[in-house]
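Q: Going by the numbering used here, the residue at position 137 of the sequence shown is 138; the numbering climbs one at a time, nothing skipped.
Okay, handing you the structure first.
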Amino acid sequence: MVEAWWQHGAASILSTAGDVDTMIDSMVRSGADYSVASLTCPDRPTLPSGLPDHELRIAALCTRGGILYGGPADGEDGTWYAVGTLADEPPVEYFHLGKDEEWPADSLVPIDLVRAAVKDFMINGGERPTGVEWRPWPG
2 MVEAWWQHGA
12 ASILSTAGDV
22 DTMIDSMVRS
32 GADYSVASLT
42 CPDRPTLPSG
52 LPDHELRIAA
62 LCTRGGILYG
72 GPADGEDGTW
82 YAVGTLADEP
92 PVEYFHLGKD
102 EEWPADSLVP
112 IDLVRAAVKD
122 FMINGGERPT
132 GVEWRPWPG
């Protein structure tokens, strides 16, 4: 099970592949105002602050989107993004819970890869998804 925060209010609970597809379809239909979701697995450990030790953040606009993972992976803590194609006009900009977000210029991936990454994240208990080329988040 995964909690997905992408609209104001309570988290959406995703427990099946169909739930993932429904959420991403809704994100695409909602346009730029709800184009980013933050996902966590409640079964994972928390930090001393009580916050999750991980996050999968996805963006979804039409046929492309983006994938970011923060937390432990391959023996280290960090933040990574899925490498995709270059945007026509970098940087890539999204709107997440009332704030603008800039993503790396080469972070656009096919929406089907976004779907697959969320399903992998859900099935594997919040671990960083496989099947993605990861690069450290700049900064």
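For each residue, glycine too, the CB sits at the ideal point set by N, CA and C.
To the nearest angstrom, how far is the alpha carbon of Leu114 from that of His9?
A: Roughly 25 Å separates the two Cα atoms.
Q: Classify Arg30 as buried or exposed, calling it buried when 16 or more other Cβ atoms lie within 10 Å of its own Cβ.
A: By the 10 Å Cβ count, Arg30 comes out exposed.
Q: Pick from Ser39, Gly79, Ile68, Pro111: whose alpha carbon is nearest that of Ala11?
A: Residue Ser39 is the option with its Cα nearest to Ala11.
Q: Based on the DSSP output, what are the partners of Glu77 in its beta bridges?
A: Its beta-bridge partners are Ala74.
Q: Would you tell me roughly how many angstroms separate the C-alpha atoms of Asp34 and Arg65, rounded to the nearest one?
A: Near 16 Å, if we compare the C-alpha coordinates of Arg65 and Asp34.
Q: Any idea which residues DSSP pairs Glu94 with across the strands?
A: Paired residue(s): Glu103.
Q: Is the CB-CB distance between Thr80 and Gly71 below 8 Å?
A: Their beta carbons are under 8 Å apart, which means Thr80 touches Gly71 by this criterion.
Q: Drop a sphere of 10 angstroms on the beta-carbon of Ile124, count the other beta-carbons inside from all chains shown, and report buried for 16 or more, exposed for fewer.
A: Flag for Ile124 reads exposed.
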